[in-house]
Amino acid sequence: MKNKPTPWDLIAKYLADDLDDVERIRLQNWLDESEDNHELLERSSSMWKFYYSSKKSEKINKTKEWNELMLILLSKDSQSTLRTKSRKRLFIGIAASVLVLIGISLIPISDLDNEIVKIEPEINYTMVVAEDSIVLYYLPDSSLVILNVNSSISYTSDFNQNNRSVKLSGEAFFEVEPDTNSPFIVQSRLTEVKVIGTSFNVKNGQEHEMEVVEVFEGEVEFKAIDHNENSVHLKKGEVGIFTDSDHKIATDKSSNNRPPWMGKLVDKSEEFLQDIKLKIKKL
Amino acid sequence: MPISLEQIQHSFLEHYDKLFQTALNITSECDDAKDVIQDVFLKIWQKKENMDDQKLNGGYLYRSVVNASLNKLQKRKGNIQILSTATIAIASNGDAPDQVLYGKELEKEIDRAIELLPPKCKAIFVLSRFEGLKYREIADHLDVSPKTVENQMGIALKKLQNTLSPYMTKEFLAFTATVGMSTILTYLLSSVHLIYIGNF
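Line order of the protein sequences matches chains A and B. So in this note's numbering, spot 113 of the first sequence is number 113, and the numbers just go up one at a time. Quick note, this note's numbering runs 283 ahead of the 1-based positions in the second sequence.
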C-alpha cells in the first residue's frame with residue numbers, strides 16, 4: 001500500500017489558524033484516514049504551543065541606541081568637515097574607533113546611556129569616542145588623554161583660550177600640561193576635577209552612583225558639580241570617591257602607579273609614555 | 284518635503300521596542316538586530332531630502348525591518364545546511380533519548396531546531412508563530428506569493444517535527460494535553476531542567 005505524504009502545509013495552516021473551509025474539509029479527510037494521522041496532528045499541536053517559548057528577549061536601552069545612531073547620522077552628514085589631527089594622535093589597538101566631529105552643533109553629554117543628546121545651534125565641539133579599543137589623544141594644549149574602552153570626551157572650540165575644560169563619559173587617564181593661567185577641568189556627569197598638577201585617572205561608573213579620581217602625580221581639587229562647598233584636595237597617591245546617594249566625597253590611599261586597565265597596553269612604563277610624547281613633539 | 288532629525292528621533296523612540304523585537308525574532312542575534320535597525324534608519328536619513336514622512340510610520344518601518352532582518356540572516360547563514368544535532372546524537376548512541384525533557388532543555392532544543400531552518404523559511408515561520416501574522420500579511424511583507432508562504436510553513440513544520448520528535452514522547456503529549464498553556468509556561472519559567480514522569 002502506498003503511503004500518502006503528510007500534508008504538512010495543511011497542518012501548518014491549521015495550527016496558524018489560517019484554514020479556509022475547503023482546506024478544513026481536506027484536513028478532516030486526511031485525519032479520518034488513520035489513527036496515526038490523529039496522533040501526528042496532536043504532536044504537532046503540542047509542539048506548536050511550545051515553539052513560542054523559545055522566543056528571545058533582550059533588555060535594550062533605546063536612549064543609548066538613539067544617541068549612538070544620532071552620532072552616526074550626523075557624522076555621515078558632515079563628511080566634508082571631518083578633519084583628522086594625525087600629527088598629534090596615536091592609536092593603540094588594531095581597530096581604534098575614534099570619531100572626531102568638528103563643526104557639529106551638539107551639546108556633548110557625559111551620559112550617553114540615559115540622556116538624549118540635545119542639539120544647540122552655533123556651538124562647535126570636538127568629541128573623541130573610544131569604542132572597543134583604548135585611545136590616546138592629545139588635546140590642543142598637548143595634554144594627553146588616554147581613553148578606556150567605551151569612553152568619550154568632548155571639548156569646545158575655545159579650549160586653551162580661557163580655560164581648558166573637557167567633559168568625560170566613562171574612564172580616562174589624563175596627563176596634563178602645566179599652565180597656571182588656565183586651569184584644566186574635567187567634568188563628569190556629577191563631579192568636577194580641577195587640576196593643579198599632572199596625572200590622574202577619572203572614572204565614572206555605569207550605574208552613576210560613584211565617580212572616582214585617583215591621583216598619580218601632582219594635585220587636584222575634586223568636587224561635586226551641584227554642591228560647591230563639597231570640594232576635596234587630593235594629592236599624589238590619594239583617591240577621591242564621590243557617592244551620589246549621600247553626596248559625599250570619601251578619600252583613600254592608593255599605591256598604584258597607574259590605573260589597572262592601562263596594564264592592558266603592552267608593558268606601559270613611564271619611559272615608554274615619555275618616549276612617545278617626545279617623538280610626537282618632534283613631528 | 285524633507286524629514287528632520289527630530290521626526291526621525293520621535294519615530295525611533297516610539298517604535299524601537301517593537302522593531303527590535305521583530306529583528307531579534309528573525310535574526311536571533313542581538314547585535315544583528317541592532318545593526319538592522321540602524322541600517323533602516325540610516326537609509327531613511329540618507330534620503331531625507333526627498334522622503335515622504337509616511338516612511339516613518341510604524342507599518343512601513345515594520346516592513347523595512349522584516350526585510351532587512353531576512354537579508355541579514357541570509358548574509359550570515361548563506362546556504363549552508365547544518366545537520367540536526369539531535370539526529371547526530373541518535374545516530375551515535377543508537378538509542379532514542381530516554382528522558383522526557385521539560386523546561387529550559389526543551390527550549391534550547393527548539394531554539395536550535397529553528398536556527399537550522401533555511402533563512403527565508405525561518406523568517407516566514409517566525410512571522411507566523413512569534414509575530415502572529417496571517418499568511419496573507421507575511422506574503423505581503425516579504426513580497427512573495429501566498430503559495431510560497433504555505434509551502435515554507437509546511438517545510439518548517441516538517442523539519443521541526445523531524446528534529447524534535449525524539450523528545451516528544453507519549454508522556455510529554457499526555458502532559459501537554461491535560462494542562463493548559465499557562466501551566467506549561469509556569470513549568471518553563473521555574474527553571475526545572477529535567478523531569479522524568481513515570482508510566483501514565
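C-beta: ideal position from N, C-alpha, C; glycine also.
Residue 430 of chain B counts as exposed, since fewer than 16 other beta carbons sit within 10 angstroms of its beta carbon. Rounded to whole angstroms, the separation of the alpha carbons of residue 173 of chain A and residue 201 of chain A is 4 Å.
Using a CB distance below 9 Å, the part of the segment 7 to 25 of chain A facing chain B consists of 7, 8, 9, 10, 11, 12, 13, 15, 16, 17, 18, ordered along the chain.
With the rule of 3 Cβ pairs closer than 8 Å, the segment 144 to 155 of chain A does not count as touching the segment 222 to 237 of chain A. Just measuring C-alpha positions, the residue of B/441, B/424, B/330 sitting nearest residue 410 of chain B is B/424.
A direct Cα-Cα distance of roughly 30 Å separates residue 422 of chain B from residue 292 of chain B. Burial is judged here by how many other beta carbons sit within 10 angstroms of a residue's own beta carbon; residue 24 of chain A has fewer than 16 and is exposed. A direct Cα-to-Cα measurement between residue 15 of chain A and residue 342 of chain B gives close to 25 Å.
Taking a cut-off of 8 Å for Cβ pairs, the segment 314 to 326 of chain B and the segment 292 to 306 of chain B touch, as three or more such pairs fall below it.
Residues of chain A with a Cβ closer than 8 Å to the Cβ of residue 418 of chain B are, in chain order, 13, 16, 18. Beta-bridge partners of residue 153 of chain A (DSSP): A/128, A/168. With fewer than 16 other CB atoms across the displayed protein chains lying within 10 angstroms of its CB, residue 284 of chain B is exposed. Taking C-beta atoms under 8 Å as the contact rule, residue 152 of chain A and residue 187 of chain A fail to qualify, at a distance of about 13 Å. Beta bridge pairing from DSSP links residue 234 of chain A with A/220. Excluding its 5 nearest sequence neighbours in each direction, residue 404 of chain B has C-beta neighbours in its own chain below 7 Å: 435, 438, 439, listed in chain order. The CB of residue 437 of chain B comes closer than 7 Å to the CB of 8, 9, 12 in chain A, given here in chain order.
Taking a Cβ-Cβ threshold of 7 Å, the residues of chain A close to residue 412 of chain B are 51, 52, in chain order. Among the residues of the segment 137 to 158 of chain A, none has a Cβ less than 9 Å away from any Cβ of chain B.
Residue pairing by DSSP places residue 251 of chain A opposite A/240 in a beta bridge.
DSSP lists A/173, A/214 as the beta-bridge partner residues of residue 201 of chain A.
Beta-bridge pairing by DSSP links residue 194 of chain A to A/185, A/221. At a Cβ-Cβ threshold of 8 Å, residue 344 of chain B and residue 406 of chain B do not count as neighbours. Any Cβ of chain B closer than 8 Å to the Cβ of residue 27 of chain A would place that residue at the interface, and such an atom is absent. The beta carbon of residue 192 of chain A sits closer than 8 Å to those of 185, 186, 222, 223, 224, 225, all from its chain and outside the five residues before and after it, given in chain order. Residue 137 of chain A: member of the beta strand (DSSP E) spanning 135 to 138, first to last residue. Between the alpha carbons of residue 311 of chain B and residue 414 of chain B lies a gap of roughly 14 Å. Cβ-Cβ distances below 8 Å link residue 332 of chain B to 285 in the same chain, with the five nearest sequence neighbours on each side left out; the list follows chain order. In the three-state DSSP reduction, residue 427 of chain B falls in the coil class, being neither helix nor strand. In the structure shown, residue 69 of chain A falls within a helical segment according to DSSP collapsed to helix, strand and coil. The beta carbon of residue 337 of chain B is closer than 7 Å to those of 343 in its chain, skipping five residues each way along the sequence.
Residues 140, 141 of the same chain have their beta carbon placed closer than 6 Å to that of residue 160 of chain A, with the five preceding and five following residues left out of the count. Residues of chain A with a Cβ closer than 8 Å to the Cβ of residue 300 of chain B are, in chain order, 60, 62. Classified as exposed, residue 181 of chain A has fewer than 16 neighbouring CB atoms from the shown chains inside 10 Å of its CB. Annotation: residue 286 of chain B is outside any beta strand (DSSP E) and is labelled neither H nor E by DSSP. Judged by DSSP secondary structure, residue 146 of chain A falls outside any alpha helix (DSSP H) and instead within the beta strand (DSSP E) spanning 144 to 147. Interface annotation for the segment 387 to 406 of chain B against chain A: 389, 390, 393, 394, 397, criterion Cβ-Cβ distance under 7 Å.
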